[in-house]
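Structure, as structure tokens:
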Amino acid sequence: MTLLALLLLAALMLGLSAGDIWLWPTQWFTPDGQLFVGQLRLPRVLAVMAVGAALAVSGAVMQALFDNTLAEPGLLGVSNGAGVALVIAVLLGQNLMPMWLLSALAIVGALTITLLLMLFARRGRLNNARLLLIGVALGIACSAAMTWAVYFSSSLDLRQLLYWLMGGFSGIDWRQGWLMGALLPVLLWLLTRGDILNLMALGELPARQLGLGMTHWRSLLVLAIGWLVGVSVALAGVIGFVGLVVPHMLRLWGITQHRMLLPGCALAGASMLLLADVVARIALFSAELPIGVVTSSIGAPLFIWMLLRRSSGGINVR
266 MTLLALLLLA ALMLGLSAGD IWLWPTQWFT PDGQLFVGQL RLPRVLAVMA
316 VGAALAVSGA VMQALFDNTL AEPGLLGVSN GAGVALVIAV LLGQNLMPMW
366 LLSALAIVGA LTITLLLMLF ARRGRLNNAR LLLIGVALGI ACSAAMTWAV
416 YFSSSLDLRQ LLYWLMGGFS GIDWRQGWLM GALLPVLLWL LTRGDILNLM
466 ALGELPARQL GLGMTHWRSL LVLAIGWLVG VSVALAGVIG FVGLVVPHML
516 RLWGITQHRM LLPGCALAGA SMLLLADVVA RIALFSAELP IGVVTSSIGA
566 PLFIWMLLRR SSGGINVR
């Protein structure tokens with residue numbers, strides 16, 4: 266855990282320094298440094314850390330809920346559900362809706378997809394591999410709905426929204442501080458639920474015998490995931506694979522108990538997204554890559570590798 270904290274500190278310093286104009290720590294307190302770092306880069310870096318931690322922890326919790334190490338908000342369509350809600354809001358509201366209402370609708374969209382998945386899991390008696398495929402299909406359907414809406418829209422705002430939904434932190438400043446703050450209480454609450462997730466990992470019958478109210482805790486955890494993913498999408502667009510890559514890599518390093526896994530995911534998720542944001546900022550001259558492109562470039566090969574391991578019995582996706 267100490268190593269993860271040091272990695273986050275190094276990524277934080279790199280995130281504050283990197284850009285078209287590099288500013289090293291010795292320059293942060295100069296007049297130019299105070300402007301660039303204090304007003305532009307610091308709020309962006311804090312947003313990146315909050316979203317990275319939220320997505321990684323959400324992925325770990327979803328994997329525990331679905332008993333499937335391939336579950337993650339982006340892969341199962343939860344992030345795209347939030348994106349569809351935002352697109353509908355822009356279409357109906359003519360870009361006049363306040364940010365708090367857009368954020369609320371993003372949360373509703375994320376919750377809708379998550380609840381649909383839980384409904385399929387309970388009533389459809391599907392194994393986890395089929396449930397994963399349903400989640401992927403829901404994500405594709407949501408993505409297609411967003412594309413159709415943009416294609417037939419003459420609204421420049423909606424076209425810009427689609428680009429934004431590819432994921433990115435450009436334009437983040439202190440005005441979005443309330444969204445960052447909205448992530449923290451739920452994130453901190455989840456970080457203290459490691460014992461609950463350890464009991465759930467034993468299976469439904471043993472957990473009930475030990476006195477755990479499965480329905481109650483499933484509902485609370487679904488609401489928490491929907492909140493974190495919805496606010497993250499409202500803040501930075503759809504960013505995939507963070508919730509898949511981070512928990513899996515920590516498990517490979519031997520961190521399996523949720524009491525340690527969840528804080529580790531928060532630290533590693535924040536670090537990973539900070540490094541991806543630096544790549545997005547400096548990869549192109551006088552332009553910025555969508556951060557979703559960077560995380561997908563990392564996550565897609567890893568996902569294929571995990572599926573190949575699954576075929577040899579190395580990953581539990583029953």
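Residue numbers 266 to 583, in the numbering used here, belong to the letters of the sequence shown in order. From the three backbone atoms N, C-alpha and C, an ideal C-beta is built for every residue, glycine too.
*Please report how far the alpha carbon of Gly-280 lies from the alpha carbon of Val-559, in whole angstroms.*
15 Å
*Straight-line CA distance for Leu-397 to Arg-387?*
14 Å
*Measure the C-alpha to C-alpha separation of Thr-267 and Gly-436 and round it to an integer number of angstroms.*
32 Å
_Cβ neighbours of Ser-408 in the same chain (closer than 7 Å, five flanking residues each side left out)_ = The beta carbon of Ser-408 is closer than 7 Å to those of Asn-345 in its chain, skipping five residues each way along the sequence.
*Count the other CB atoms, across all protein chains shown, that sit within 10 Å of the CB of Ser-497; report buried if there are 16 or more and exposed otherwise.*
buried
*Going by other Cβ atoms of all chains shown within 10 Å of its Cβ, with 16 needed for buried, is Ala-535 buried or exposed?*
With 16 or more other Cβ atoms within 10 Å, it is buried.
*If you draw a straight line from the alpha carbon of Leu-503 to that of Leu-381, how long is it in whole angstroms?*
For clarity, residue 503 is Val in the given sequence; the question names Leu instead. Each residue's Cα considered, the two are about 19 Å apart.
*asked:* If contacts are defined as beta-carbon pairs under 8 Å, then Ile-213 and Val-326 qualify, I think. What distance do you get, rounded to the angstrom?
replied: Absent from the structure is residue 213, since the part of the chain shown begins at 266 and ends at 583.
*So what does DSSP say about Val-503, is it helix, strand or coil?*
DSSP, read as helix, strand or coil, puts Val-503 in coil.
*Distance between Arg-483 and Val-543 (C-alpha atoms, nearest Å)*: 36 Å
_Simplified DSSP state of Met-514, which is helix, strand or coil_ = helix
*Taking the C-alpha atoms as reference points, what is the distance between Arg-574 and Pro-338?*
21 Å
*asked:* Taking contact to mean 3 or more Cβ pairs, one atom from each stretch, closer than 8 Å, check whether the stretch 302-310 and the stretch 359-372 are in contact.
replied: no
*Select from Gly-476, Ser-551, His-523, Gly-505 the residue whose C-alpha is nearest the C-alpha of Met-537.*
Gly-505
*Beta carbon of Ile-556, beta carbon of Ala-541: below 9 Å?*
yes
*Enumerate in chain order the residues of its own chain whose CB-to-CB distance from Met-479 is below 8 Å, with the five nearest sequence positions on each side excluded.*
Met-465, Glu-469, Ala-472, Arg-473
_Where Ser-562 falls, given that 16 or more other Cβ within 10 Å makes a residue buried_ = exposed
*Cβ distance (whole Å) where Leu-367 is taken to contact Ala-499 below 8 Å*: 6 Å
*Taking Val-310 and Leu-539 to be in contact with their CB atoms under 8 Å, please state how far apart those CB atoms are, rounded to whole angstroms.*
7 Å
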